[in-house]
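A quick write-up on the structure given underneath.
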DNA sequence: AAACTTGTAAAGGTATTTATTACAACTTTG
DNA sequence: CAAAGTTGTAATAAATACCTTTACAAGTTT
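Protein chains in written order, with my numbering: chain A, 152 to 298; chain B, 152 to 298.
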């Protein structure tokens, strides 16, 4: 299993929007070209980012823009926006353990606390990384390939 | 997306094996009853745990046993045994970004380092929790429901 | 009005996961 | 040694989740 690629697509999109913002209108079609995915996928991700207040889009005229400073958007914000994982839902539980068995009846509660802590620690790491970090690293990569 | 339920099934199984070890022979059929899953699924998980040296099983006579002390088996050991997630594979990348675009060509490398760190920090948390912790908590839950 | 773009629903396809069936190999017991 | 019970594993089917594509209404610009 993997965290949905919508998350890395979202980071890709946001990096593109910032990179090309002064150069051209960044439409879903253009972004689809860079990501190499269908434009409807891109529009779906943009929809989620818009609902989270991270980007603005305009019908008709087209083009997406980032609404906040890059160092005010954490990877956690993006992760939450594209709805990667339910609250406490990182670890899948098997449905309907047998309640006639003392273990089946209680194991879920016993595991929950620990697994929630693990998920929280992962999400806390996401909060420490900002879109600005990724954009800077991407630009370094681009400069490295030219020099 | 979620981490496969084989992980929580494995913890459930191991807790059962320990809990019932002095009382009865713990067969895959019995475990399937507690988990409420098909016995073949249980045998598959037991196979993986056996390959990792966490349990031993016996053909014919039947029954599974844990090979180490519970406080020497971390949730990370179990997580690795049941092959939840590939190395650096927690976050799914969209395949084939457009290499004609400077962002498409470089974003992957720029994200990789950060996402690997996040996955590592999650896995390090798994190393801090032992099967003994989960078993103790489960027994506390059982005692609480009786008293 | 024409051309272009976003927003979203709906249908189709693909991949992954889980469940089931089947049976060979092994162990114990009478 | 035969019968009963169990593990180990392959193969197939079913269910679920995910991604892609088609279609079109609604908005904007020229």
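Ideal placement from N, C-alpha and C gives every residue a C-beta, glycine not left out.
Nonlocal neighbours in the same chain, by C-beta distance under 8 Å from residue i, ignoring five residues either side
i, result
"residue 158/A", "229, 230, 233 and 235"
"residue 255/B", "248 and 249"
Min CB distance residue i to chain B below 7 Å
i, result
"residue 288/A", "yes"
"residue 274/A", "no"
Endpoints, alpha helix (DSSP H) assigned at residue i
i, result
"residue 272/A", "253-278"
"residue 160/A", "157-171"
"residue 232/B", "226-232"
"residue 192/B", "190-202"
Neighbour-count burial assignment, residue i, 16 or more Cβ in a 10 Å radius
i, result
"residue 173/A", "exposed"
"residue 155/B", "buried"
"residue 285/B", "buried"
"residue 212/B", "exposed"
"residue 251/A", "exposed"
"residue 210/B", "exposed"
Span separating the alpha-carbon of residue i from that of residue j
i, j, result
"residue 227/A", "residue 277/A", "5 Å"
"residue 293/B", "residue 263/A", "15 Å"
"residue 165/A", "residue 191/B", "45 Å"
"residue 181/A", "residue 274/B", "37 Å"
"residue 161/A", "residue 175/A", "19 Å"
"residue 171/B", "residue 253/A", "10 Å"
"residue 243/B", "residue 259/B", "11 Å"
"residue 245/B", "residue 297/B", "51 Å"
"residue 189/A", "residue 287/A", "27 Å"
Limits of the unbroken beta strand (DSSP E) element including residue i
i, result
"residue 206/B", "206-208"
"residue 293/A", "Segment 282-297 is the alpha helix (DSSP H) holding residue 293/A; no beta strand (DSSP E) there."
7 Å Cβ cutoff, residue i in contact with chain A
i, result
"residue 232/B", "no"
Cβ-based neighbour list, residue i, same chain, cut-off 7 Å, excluding 5 preceding and 5 following
i, result
"residue 218/A", "204, 205, 206 and 207"
"residue 289/B", "166"
Chain-order list of residues whose beta-carbon lies under 6 Å from that of residue i (same chain, five-residue window excluded)
i, result
"residue 163/B", "186"
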